[in-house]
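Positions -3 to 295 (my numbering) are the ones given, in order, by the sequence shown.
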Amino acid sequence: MDKSFVSQGGIVSELMPITHSKEEIEKGKMFADMRGLVNVIAEKDDPEKIAAIDQLTDLLKTDVYAKEDLIFYTNFVENLRQIYLNSENAALKKKVEDLAILTSTIQHIRLIVEGESLLNKVSAIIIRNTRAIKIPNGARSIQSHGMIIPFLPDITAADGIVRCEMRFTGKSNLHRFGAVANVTAKMNDLYYVPGTDRDSVGAEKTGEIIRRKEWIQGNDQFGEDDIVGLEVNMTVNPRTLHFFVKGVQQKHFFTGVPEKINFCGYLNSDKSEFYVTLLEKSEIPRAETGRMDDVAHPW
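1) If you run the structure through DSSP and keep just helix, strand and coil, what is H104?
2) Can you round the beta-carbon distance between I257 and A175 to whole angstroms, since I take them to be within the 8 Å contact cut?
3) Let's test the definition: count the other Cβ atoms within 10 Å of the Cβ of D(-2) and tell me whether it reaches 16, buried, or not, exposed.
4) Are there 16 or more other CB atoms within 10 angstroms of the CB of Y187, so buried, or fewer, so exposed?
5) Could you tell me if G286 is buried or exposed, where buried requires 16 or more neighbouring beta carbons within 10 angstroms of its beta carbon?
6) In the structure shown, what three-state DSSP assignment does I49 receive?
7) Three or more C-beta pairs under 8 Å: does that hold for the stretch 151 to 164 against the stretch 271 to 278?
8) In terms of residue numbering, what span does the alpha helix (DSSP H) encompassing F218 cover?
9) Whose C-beta lies closer than 6 Å to the C-beta of M143 among residues of the same chain, with five residues either side of it excluded?
10) Helix or strand or just coil, what does DSSP make of Q245?
11) Are the beta-carbon atoms of V189 and R172 separated by less than 8 Å?
12) Give the DSSP bridge partners of K91, in chain order.
13) Which first and last residues belong to the beta strand (DSSP E) in which E269 is found?
14) Starting from G156, follow the beta strand (DSSP E) in both directions and report where the run begins and ends.
15) Could you tell me whether the stretch 87 to 101 touches the stretch 228 to 248, where touching means 3 or more Cβ pairs closer than 8 Å?
16) Taking 6 Å as the limit between beta carbons, can you name the residues of its chain near P234, skipping five residues before and five after?
17) Would you call the stretch 77 to 84 and the stretch 24 to 35 touching, i.e. three or more CB-CB distances under 8 Å?
18) Just how far apart, CA to CA, sit M183 and R194?
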């Protein structure tokens, strides 16, 4: 069989079949099995979760190096943390602790904030798990493809005033954050960013805010490891969403916020991450009103 072809330009090229070693094939199958078990741990009932943890434990004992891929490329750590935080099943929690010890992730599983903070409820909503994964209090990109990542808890009119602060890592990431009113199928698109349509608004590291594909300049720029924030005030009419950069209230903000929102981040660079560093309710707004230079924009 002829293993070459001639291009339209007359250049002869050899067809090189893509081959994988037996070891690579087996490793790929094992990772697929582990990813499936991680999904069971997140989605099924307690007996199935316990069975999946047992299977995962056995797999890890046969290949100790597999835990690095498991931790970095799946929702494994965050799924265990949510069980540890929320389950009342003592047997299941013991299995989670044992597996966390085996994978050296116990300090992340026990990441609990005391007091009235909402941080313990933070959990990323991963719209496409081939692009991003959950991590404790945030998300990590596993491809250089754009992905909007809303996160729980839902913020509703009953919550009053809620503050959120975030930090991004990854120098080449196009840091964006904001809020979504609805998680829709359109958010699967590679080109969807916070502010693409009526379902979301956003802010970018360039200092621009975004609404319905309109890019509005005038806020401060920010970069890797800078703390950025949002404050939604559901007690006023119209409801407002203010932005903060490194603790400073920004000039441009949104009004007419929907009755329910989720705060969100945006990642588009492999291995970039965002972390929610603060999420709390407040009796008194931090955002000052009536400032001369402030500009309100309708959601």
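Cβ atoms here follow ideal geometry from the backbone N, Cα and C, with glycine treated the same way.
In this structure, then:
1) Locating residue 104 in the sequence shown gives position 108, where the first residue counts as 1. Residue state, collapsed to three classes: helix.
2) Here residue 257 refers to the residue found at position 261 when the sequence shown is read from its first residue. Here residue 175 refers to the residue found at position 179 when the sequence shown is read from its first residue. Right, the Cβ-Cβ distance comes to about 5 Å (below 8 Å), so this counts as a contact.
3) Taking the sequence shown and counting its residues from 1, the one referred to as residue -2 is at position 2. Low confidence applies here, because D(-2) scores a pLDDT of 49, under 50, leaving its location unreliable; read the following figure in that light. Burial call: exposed.
4) Against the sequence shown, residue 187 aligns to sequence position 191. Y187 comes out exposed.
5) Taking the sequence shown and counting its residues from 1, one reaches residue 286 at position 290. Exposed, because fewer than 16 other Cβ atoms sit within 10 Å of the Cβ of G286.
6) Sequence index remark: in the sequence shown, residue 49 carries index 53 (1-based). Correct three-state label for I49: helix.
7) yes
8) Position 222 of the sequence shown, counted from the first residue, corresponds to residue 218. From DSSP, F218 is part of no alpha helix (DSSP H); its letter is neither H nor E.
9) Counted from its first residue, the sequence shown places residue 143 at position 147. Listed in chain order, the non-local C-beta contacts of M143 below 6 Å within the same chain comprise R127, A128, L263, local neighbours out to five positions each way being set aside.
10) By one-based count along the sequence shown, residue 245 stands at place 249. When secondary structure is reduced to three states using DSSP, Q245 falls in the strand class.
11) Along the sequence shown, one-based indexing puts residue 189 at 193. Along the sequence shown, one-based indexing puts residue 172 at 176. Yes; because the gap between Cβ atoms is below 8 Å, this pair is in contact.
12) Sequence index remark: in the sequence shown, residue 91 carries index 95 (1-based). Looking at the DSSP assignment, K91 forms no beta bridge with any residue, so it has no partner.
13) Residue 269 sits at position 273 when you count from the first residue of the sequence shown. Judged by DSSP secondary structure, E269 falls within the beta strand (DSSP E) whose first and last residues are 269 to 278.
14) The residue labelled residue 156 in the question sits at position 160 within the sequence shown. From DSSP, G156 is part of no beta strand (DSSP E); its letter is neither H nor E.
15) Segment contact: the stretch 87 to 101 against the stretch 228 to 248, fewer than three CB-CB distances shorter than 8 Å; contact not assigned.
16) Taking the first residue of the sequence shown as 1, we reach residue 234 at position 238. Closer than 6 Å at the Cβ level, and outside the excluded window around P234, lie T251, G252.
17) With a cut-off of 8 Å on Cβ pairs, the stretch 77 to 84 is not in contact with the stretch 24 to 35, counting fewer than three such pairs.
18) Here residue 183 refers to the residue found at position 187 when the sequence shown is read from its first residue. Here residue 194 refers to the residue found at position 198 when the sequence shown is read from its first residue. Approximately 12 Å, taken between the alpha carbons.
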